[in-house]
Amino acid sequence: MIRALAAILRRDLVLGFRQGGGAAAALSFILAVLVMVPLAIGPDQNLLQRLAPGIMWLTLLLAVLLTAERIFQQDYEDGTIDALVSSPYPLELLVCCKAIAHWLGTGLPLALLSPFLALMLNIRESSIPVLLAAMILGSLSLSLLASIGGALTAGLRRGGLLVNLLILPLYVPVVVFGVSASLAETTPQGPAPSLLVLVAVALLSLAIQPLASAAALRAYLR
Amino acid sequence: MQVLANPRRFLGLANAILPWVWAATAIAFAAGLYLALIASPPDYQQGETVRIMYVHVPAASLSLAIYVLMALASAIAIIFRHPLADVAARAAAPIGATYCALALITGSLWGKPMWGTWWVWDARLTSMFVLLLLYLGYISVWQAIDDQRRAAAIARIVALVGVINVPIVKFSVEWWNSLHQPASILRAEGPAIDPSILWPLAIMALAYGLLFLSLHLTAIRNAVWSQKLKAEHLKGVSAR
Chain W
2 MIRALAAILR RDLVLGFRQG GGAAAALSFI LAVLVMVPLA IGPDQNLLQR
52 LAPGIMWLTL LLAVLLTAER IFQQDYEDGT IDALVSSPYP LELLVCCKAI
102 AHWLGTGLPL ALLSPFLALM LNIRESSIPV LLAAMILGSL SLSLLASIGG
152 ALTAGLRRGG LLVNLLILPL YVPVVVFGVS ASLAETTPQG PAPSLLVLVA
202 VALLSLAIQP LASAAALRAY LR
Chain A
41 MQVLANPRRF LGLANAILPW VWAATAIAFA AGLYLALIAS PPDYQQGETV
91 RIMYVHVPAA SLSLAIYVLM ALASAIAIIF RHPLADVAAR AAAPIGATYC
141 ALALITGSLW GKPMWGTWWV WDARLTSMFV LLLLYLGYIS VWQAIDDQRR
191 AAAIARIVAL VGVINVPIVK FSVEWWNSLH QPASILRAEG PAIDPSILWP
241 LAIMALAYGL LFLSLHLTAI RNAVWSQKLK AEHLKGVSAR
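Residue numbers (our numbering), protein chains in the order written: chain W, 2 to 223; chain A, 41 to 280.
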């Protein structure tokens, strides 16, 4: 079974990097936004610095959301989902593996690049470690929740509209606590409480995602 | 519950009790609105503006309860495959969404004179807005998927994944420093409201609940009837 999971991981990562999708598409979107935002805000560097964590989270969120539908849409079209559902391995494990693959291919690279990207937003150097930690944790949750949305809307013609409406409410805690971790530098407790809540959200997403995605995929093949 | 699984028996029961439920709703609203708007005392701090509470609070509590009901119905659909469970969940969603929107709008109207702002992104208001989005997402699942059985399967998952928001809404005013006031009724120390205000509030809550029951039973009845019509239509088509 480990070989099956490894095969899925490798397949999704290779497909993601090869077709210019996944991390590359998300990265180009983020770069476009990060170039435009300072121009849109104007020359006030202090304002830009204060807004930098929020803007980073916003762009990460939108980038993961953009690539969310593709997780299962292509597999629905070429019949991979049929193969997954009818395989002897537990479907929950297989879809969890797909979501982790999305994280490794899209979410984690963006999170690791976030310190450099944040420099474009004039972020304070002291905020970067917290931002990095929060982004790594948050991107895991975002990828897992996005794959729930992708599974729920796989095969729908107008699925894109629905995915955003379904996933956005689930993203709210990630963004709220992600930004509060960056903003908590000056408070006495520091960023630790917010980071711990991010860990909790990531663990909860890890628990829910296999069940929800597997149930959604089975619904499409009944 | 299994007794009501037979749609015809459900129709019989619904037809029998629905007029009484509507009558009870009308009486409860008449009594509640009279007590709330006329007979109850003004607040010592807020004056007459406190009367928005009688519209705002029951709508908010009921919208939470209806979402829990939807999630429960979805769970029953998954576990027991009760034929009317999906219908019940689908019928409850628009009513719950309307109550939620009503709570947000009346809360906003109340907040402007009281807090000085139409809206603030604190924990309670944000989580209630998230609840409205969850309701709208649930309703749009039924609209977006053509195959009704698939739509039912997806909708169940959406309802169950979203139920985690309900305790967040309930405890948001305790866990965070919120502009919204903390719990005054369902607390460990008991209600903190004077009976002269608590009783009109309770009767309005009962009225909202009875209104939900009337609308819900009517909606389920409509759904069962439209299923029968479709079946008859198909029978007619195949008989030709």
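We treat Cβ as the ideally placed atom computed from N, Cα and C, and that holds for glycine.
Closer than 8 Å to chain W by CB, residue i
i	result
residue 55 (chain A)	no
residue 65 (chain A)	no
residue 190 (chain A)	yes
residue 202 (chain A)	yes
residue 254 (chain A)	no
residue 213 (chain A)	no
residue 160 (chain A)	no
residue 205 (chain A)	yes
DSSP-derived helix/strand/coil call for residue i
i	result
residue 79 (chain W)	helix
residue 83 (chain A)	strand
residue 87 (chain W)	coil
residue 135 (chain W)	helix
residue 163 (chain W)	helix
residue 126 (chain A)	helix
residue 216 (chain A)	coil
residue 221 (chain A)	coil
residue 243 (chain A)	helix
Buried or exposed by the 16-neighbour rule on C-beta atoms within 10 Å, applied to residue i
i	result
residue 40 (chain W)	exposed
residue 188 (chain W)	exposed
residue 161 (chain A)	exposed
residue 205 (chain A)	buried
residue 71 (chain W)	buried
residue 102 (chain A)	buried
residue 157 (chain A)	exposed
residue 36 (chain W)	exposed
residue 165 (chain W)	buried
residue 15 (chain W)	exposed
Spatial distance of residue i from residue j (CA atoms)
i	j	result
residue 56 (chain A)	residue 109 (chain A)	23 Å
residue 80 (chain W)	residue 152 (chain W)	14 Å
residue 266 (chain A)	residue 120 (chain A)	23 Å
residue 114 (chain A)	residue 249 (chain A)	20 Å
residue 148 (chain A)	residue 52 (chain W)	27 Å
residue 92 (chain A)	residue 220 (chain A)	14 Å
residue 121 (chain W)	residue 100 (chain W)	29 Å
residue 109 (chain W)	residue 69 (chain W)	14 Å
residue 199 (chain W)	residue 214 (chain W)	21 Å
residue 111 (chain W)	residue 137 (chain W)	9 Å
residue 181 (chain W)	residue 196 (chain W)	9 Å
residue 42 (chain W)	residue 132 (chain A)	44 Å
residue 241 (chain A)	residue 71 (chain A)	11 Å
residue 4 (chain W)	residue 97 (chain W)	15 Å
residue 192 (chain A)	residue 130 (chain W)	45 Å
residue 260 (chain A)	residue 273 (chain A)	20 Å
Any C-beta of chain A under 8 Å from that of residue i
i	result
residue 170 (chain W)	yes
residue 202 (chain W)	no
residue 77 (chain W)	no
residue 217 (chain W)	yes
residue 198 (chain W)	no
residue 185 (chain W)	no
Boundaries (first-last residue) of the alpha helix (DSSP H) holding residue i
i	result
residue 213 (chain W)	193-221
residue 94 (chain A)	93-120
residue 161 (chain A)	Looking at the DSSP string, residue 161 (chain A) is not in any alpha helix (DSSP H), and its letter there is neither H nor E.
residue 156 (chain A)	Where residue 156 (chain A) is concerned, there is no enclosing alpha helix (DSSP H), given that its DSSP letter is neither H nor E.
residue 16 (chain W)	3-19
residue 101 (chain W)	92-103
residue 69 (chain W)	46-69
residue 300 (chain A)	With chain A covering only 41 through 280, there is no way to say anything about residue 300 (chain A).
residue 37 (chain W)	24-42
residue 123 (chain W)	Residue 123 (chain W) -> no alpha helix (DSSP H), and no H or E assigned at all.
residue 230 (chain A)	Careful: residue 230 (chain A) lies outside any alpha helix (DSSP H) and carries neither H nor E.
residue 158 (chain W)	Segment: none, residue 158 (chain W) is in no alpha helix (DSSP H) and carries neither H nor E.
residue 55 (chain A)	47-74
Any chain D beta carbon closer than 8 Å to residue i
i	result
residue 119 (chain A)	Within the model displayed, chain D is absent; protein chains W and A are what it includes.
Residue i CB to nearest heavy atom of the ligand GDP below 7 Å
i	result
residue 95 (chain W)	Absence of the ligand GDP from the depicted structure is noted, as is the absence of any ligand whatsoever, leaving it without description.
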